[in-house]
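**Q** The structure follows.
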Amino acid sequence: MVEIERKFLVDNPAQAILYARHSFQIFQGYISNDPARTVRLRIGQGKGFLTIKGASSPEGTTRLEWEQEIPLADAKALMPLCLPGLIQKTRHHVFDRQQLFEVDVFEGALAGLVIAEIELKNPEDKIQLPAWISKEVTGDKRYYNSHLAVHGMPS
């Protein structure tokens, strides 16, 4: 139930995606974007998911997360309840040096934004960064999907 992850901007998406083992579209919206208890609805790979996330730790690496798969029909029926600002992106699973990076290529109003996330077992785990990563944005709330949905592209 504890999510530990770090986020990075990708400055060479073509190079990152070249090594993708699996790619799929994601559509997601937020029923609540309160930073203390974000409630997300997601559709991807023919499935629906309801996710509740707690507040992030001060450094932004750790937070409580509960996720439950729900029937796709239910997810589609609930989507109109989401706040304005749906997110569309293609997620690519990219392995680099035996590390799994989830590379999200955003679409629509967020086109041009590409973020790589890596989930860790411990906040202190060492990461070997691929050449296509530019800047770490872990803890920068402007790059949280719930923030992007409301405020758009970070300036």
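Under this note's numbering, the sequence shown has 140 at position 154, and the numbering climbs by one with no breaks.
Note that CB positions come from ideal geometry on N, CA and C, so glycine has one too.
With 16 other CB atoms within 10 Å as the buried threshold, where does A61 fall?
**A** buried
**Q** Whole angstroms are fine: how far does the CA of P66 sit from the CA of P57?
**A** 16 Å
**Q** If you reduce the DSSP assignment to three classes, tell me which class Q1 lands in.
**A** helix
**Q** Count the C-beta pairs between the segment 32 to 50 and the segment 88 to 101 that are closer than 8 Å, then say yes if the count reaches three, no if not.
**A** no
**Q** Hey, quick one: how far does the alpha helix (DSSP H) through S132 stretch, first residue to last?
**A** N131 to H137
**Q** If you draw a straight line from the alpha carbon of D126 to that of F(-6), how long is it in whole angstroms?
**A** 10 Å
**Q** How would you call K107, buried or exposed, if buried means at least 16 neighbouring beta carbons within 10 angstroms?
**A** exposed
**Q** Spatial neighbours of Q1 within its chain, please: CB distance less than 6 Å, with the 5 preceding and 5 following residues excluded, ordered by chain position.
**A** Within the same chain, W118 come within 6 Å of Q1 by CB-CB distance, once the 5 residues on both sides are set aside.
**Q** Beta-carbon within less than 8 Å of F10's beta-carbon, same chain only, minus the 5 sequence neighbours each way: which residues are those?
**A** Close CB contacts of F10 within its chain, under the 8 Å cut and outside five residues either way in sequence, are with G30, Q31, T76 and R77 (chain order).
**Q** Taking only three categories from DSSP, how would you classify G94?
**A** helix
**Q** Rounded to whole angstroms, what's the CA-CA distance from M(-13) to W52? Just pull it up for me.
**A** Their Cα atoms are separated by approximately 6 Å.
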